[in-house]
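Be aware that the sequence shown starts at 10, since it is given in the working numbering, and climbs by one per residue.
The beta carbon of each residue, even a glycine, is placed where N, CA and C say it ideally should be.
Treat the numbers as computed from the prediction; the structure is a model and nothing was measured.
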Amino acid sequence: MFCWYQPVVCIFWVEIGKRMGIHDIPETPEEMRIWARAYKQEHMMPDPNNKGVAIYTTEESLYFVLKAFGIRKWIEGSTIYMLDEPIRVAMMYIHTPSPRQSAQPWHKHFAVLSTLKSTAFIQRWLMLPRSNSNYGFPIKFELTRNNDGSVSRRMHSNKYRVQPWCESMSKTVPGKAWDMFLVLVNWHSHVHNPLLRHDGYKLDEMGPLAMENKANEEVLKAVAEL
Numbered sequence: 010m011f012c013w014y015q016p017v018v019c020i021f022w023v024e025i026g027k028r029m030g031i032h033d034i035p036e037t038p039e040e041m042r043i044w045a046r047a048y049k050q051e052h053m054m055p056d057p058n059n060k061g062v063a064i065y066t067t068e069e070s071l072y073f074v075l076k077a078f079g080i081r082k083w084i085e086g087s088t089i090y091m092l093d094e095p096i097r098v099a100m101m102y103i104h105t106p107s108p109r110q111s112a113q114p115w116h117k118h119f120a121v122l123s124t125l126k127s128t129a130f131i132q133r134w135l136m137l138p139r140s141n142s143n144y145g146f147p148i149k150f151e152l153t154r155n156n157d158g159s160v161s162r163r164m165h166s167n168k169y170r171v172q173p174w175c176e177s178m179s180k181t182v183p184g185k186a187w188d189m190f191l192v193l194v195n196w197h198s199h200v201h202n203p204l205l206r207h208d209g210y211k212l213d214e215m216g217p218l219a220m221e222n223k224a225n226e227e228v229l230k231a232v233a234e235l
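Next comes the structure, spelled out in structure tokens:
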């Protein structure tokens, strides 16, 4: 890691916090870590809502993993190893017999730690520098346009999870076949369709569908101030 990376990240989030009205954020990486740790200890408490988030996030992330032979169950249990104790306790994680127990079989610890360490070693020492800094999650600078050529306020995601929300519908036969293939192999749960907002999204409409058309002007005003 470059020596300037942590200070730059710290400065970035301090500035974001100030614009959100948070003014007691420490301005050095070490002080911020201490501040964040104290905040977790004070505010991270077990809550059913947190448990719901944990279950949904796990199912979303591991949707494509096979359930056969206990593969998904094994990987779900391994995720406990990657959670900090305060986070796991606050999420009331369902795969532990007790909220205060984090013990997992030694082979899960070994498998997860070996995978992370091996990946870190390969990325640091055995891979050439990226030829394209816009590789993993490409930023597309082309604006979406309406049929008449005017700029549209609606946007589409570049990366999709299990449910392909706000993905433009394929118009070619190969494209439609590929979409069906992704559903067949469990990469997506549905072929994109109008119910998943295939025409894109607007910033002020994001959130629960029941709130889609509420407080839109307030959202845009807050964005402008931010």
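| Item | Value |
| --- | --- |
| Taking just the CA atoms, how far does Lys180 sit from Asp188? | 11 Å |
| Tell me Arg154's beta-bridge partners as DSSP assigns them. | Val160 |
| Here's the rule I'm using: 16 or more other beta-carbon atoms within 10 Å means buried, otherwise exposed. How should Asp213 be labelled? | buried |
| Taking DSSP as the reference, what is the three-state secondary structure of Tyr72? | coil |
| Within the segment 29–106, note down every full alpha helix (DSSP H) run reaching 4 residues or more, in order along the chain. | 38–52, 57–70, 80–87, 94–99 |
| Going straight from the alpha carbon of Pro55 to that of Tyr169, what length do you get? | 30 Å |
| I need the straight-line Cα distance from Thr37 to Ile31, nearest angstrom please. | 16 Å |
| Ignoring anything shorter than 3 residues, give me the beta strand (DSSP E) runs that lie fully in the segment 173–219, in order along the chain. | none |
| In this structure, how does DSSP classify Asn225 when only helix, strand and coil are distinguished? | helix |
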